[in-house]
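*Asks:*
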Amino acid sequence: MSFLLDIVIPKDEMNKVGLEEQLIEWGGVKFSQEPPKYIGNKELVFEELTNLKYHCGLLGNDLDVEKYSVLIFKGKELSELEFLVNSRAEDLRTNQLFVFLESLLTVSNFYIFLLREDEVIKERYAVEREEELRTILCESLSWDTTKDILIFK
């Protein structure tokens, strides 16, 4: 399956999960990229979204674009995580993306959108613990029980 992964995170807590903006340098001066790109766990690439119509439609008043960043994941680690889940691998922590998603539990609140292209979110889950997050991700990524979901804290 081809999943898309977006995260919504408070701008002032991005450093808690190791997200750093990837700046470019020109003439000795550093600039943001357009759109801004962020690196997590030194390898994971996220791109900031500017069209938030879809996300605002699902979250309504909960999404203050001044306080939150919406990032789309751009790496291969999501496909690798899907394969790990479906091969019944015991330790998902070998996947950098999974480790990063677990680290989101350290921020005050977040939203994880996991969906396939041209699909809509059908289920929403509140999580507080790593075990809950793991179970929901595994169910959603399983080829037997694929779901388009929103996970939030």
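All letters in the sequence shown, in the order written, are residues 1147 to 1299 by the numbering used here.
Just so you know, even glycine gets a beta-carbon here, dropped at the ideal spot from N, CA and C.
Is it right to say residue 1216 is buried, meaning 16 or more other beta carbons lie within 10 angstroms of its own, or is it exposed?
*Replies:* Buried, since its Cβ has 16 or more Cβ neighbours within 10 Å.
*Asks:* Name the two residues that bound the continuous beta strand (DSSP E) containing residue 1203.
*Replies:* Not the beta strand (DSSP E): residue 1203 falls in the alpha helix (DSSP H), residues 1199-1205.
*Asks:* With a cut-off of 8 angstroms on the beta carbons, I'd call residue 1155 and residue 1273 a contact; round off their distance for me.
*Replies:* With 8 angstroms as the limit, residue 1155 and residue 1273 do not qualify as a contact, their Cβ atoms being about 14 angstroms apart.
*Asks:* Of all the alpha helix (DSSP H) runs that stay within the bounds of the region 1179-1260, which reach a length of 4 or more residues?
*Replies:* For the region 1179-1260, whole alpha helix (DSSP H) runs of length 4 or above, ordered along the chain, are 1199-1205, 1223-1232 and 1242-1249.
*Asks:* By the three-class DSSP mapping on this structure, what secondary structure does residue 1158 have?
*Replies:* The answer is helix: DSSP assigns residue 1158 an H, G or I state.
*Asks:* Rounded to a whole number of angstroms, what is the C-alpha to C-alpha distance between residue 1197 and residue 1149?
*Replies:* Residue 1197 and residue 1149: Cα-Cα distance of roughly 19 angstroms.
*Asks:* For the beta strand (DSSP E) that contains residue 1280, what are its first and last residues?
*Replies:* Unbroken run through residue 1280 is the alpha helix (DSSP H), 1276-1287; no beta strand (DSSP E).
*Asks:* Look at the alpha carbon of residue 1220 and the alpha carbon of residue 1152, and state the distance between them as a whole number of angstroms.
*Replies:* If you take the alpha carbons of residue 1220 and residue 1152, they lie about 9 angstroms apart.
*Asks:* Going by CA-CA distance only, name the one from 1226, 1249 and 1232 that's closest to residue 1240.
*Replies:* Of the candidates 1226, 1249 and 1232, the one whose C-alpha sits nearest the C-alpha of residue 1240 is 1226.
*Asks:* In chain order, what residues of the same chain have a beta carbon less than 7 angstroms from the beta carbon of residue 1177, not counting five sequence neighbours either side?
*Replies:* Closer than 7 angstroms at the Cβ level, and outside the excluded window around residue 1177, lie 1169 and 1170.
*Asks:* Please tell me whether residue 1226 has its Cβ less than 8 angstroms away from any Cβ of chain D.
*Replies:* No chain D is present in this structure, which holds just one protein chain.
*Asks:* If you measure between the beta carbons of residue 1247 and residue 1195, is that distance less than 8 angstroms?
*Replies:* Cβ atoms of residue 1247 and residue 1195: not closer than 8 angstroms.
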